[in-house]
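Counting in the numbering used here, the sequence shown runs from 24 upward without gaps. Cβ coordinates follow ideal geometry from the N, Cα and C atoms, glycine included.
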Amino acid sequence: MTDLAKEVTEFLLGGRSPFRWSKEQVAWLVWDTSRRNPAWGPATLPEWQEAVRDAVKRGLMIEKNGTLGFPEPVKTEPEHIQRTLF
């Protein structure tokens with residue numbers, strides 16, 4: 024079976040507004056989409072709900088004020104600032 028937590032994360036990344044949907048809404052949206060699209064693997068609504076909880080637990084998504092989004096990317100290099108010559 025595929026990694027459903029990663030699939031849920033990609034689903035939310037793919038055009039859904041972050042920090043707009045609750046865990047239950049995201050699970051229902053991905054379940055409803057998977058029923059209509061044969062490219063998605065078959066999974067039940069409880070399996071998608073568990074995948075959402077797993078994605079949050081693994082840090083793929085975060086929950087703020089009851090809605091799901093993504094953690095801030097970690098900056099590895101300092102930003103370059105273009106300064107004026109004079």
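- Contact check for F34 against T56 passes: the beta carbons are separated by less than 9 Å.
- Closest by C-alpha distance to W54, out of K46, P61 and A66, is A66.
- Under the DSSP assignment, T25 falls outside any beta strand (DSSP E); it carries neither an H nor an E label.
- In this structure, W71 sits away from L36, with a CB-CB distance that is not shorter than 9 Å.
- Residue burial is scored here from C-beta neighbours: T25 has fewer than 16 other C-beta atoms within 10 angstroms and is therefore classed as exposed.
- Counted as a single uninterrupted DSSP element, the stretch harbouring L68 is not any beta strand (DSSP E) but the alpha helix (DSSP H) occupying residues L68 to R81.
- Taking all protein chains in view, the Cβ of T32 is crowded by 16 or more other Cβ atoms within 10 Å, so the residue is classified as buried.
- According to DSSP, residue pairing for I104 in a beta bridge does not occur.
- Excluding the 5 residues flanking it on each side, L68 has same chain C-beta neighbours closer than 6 Å at W54, in chain order.
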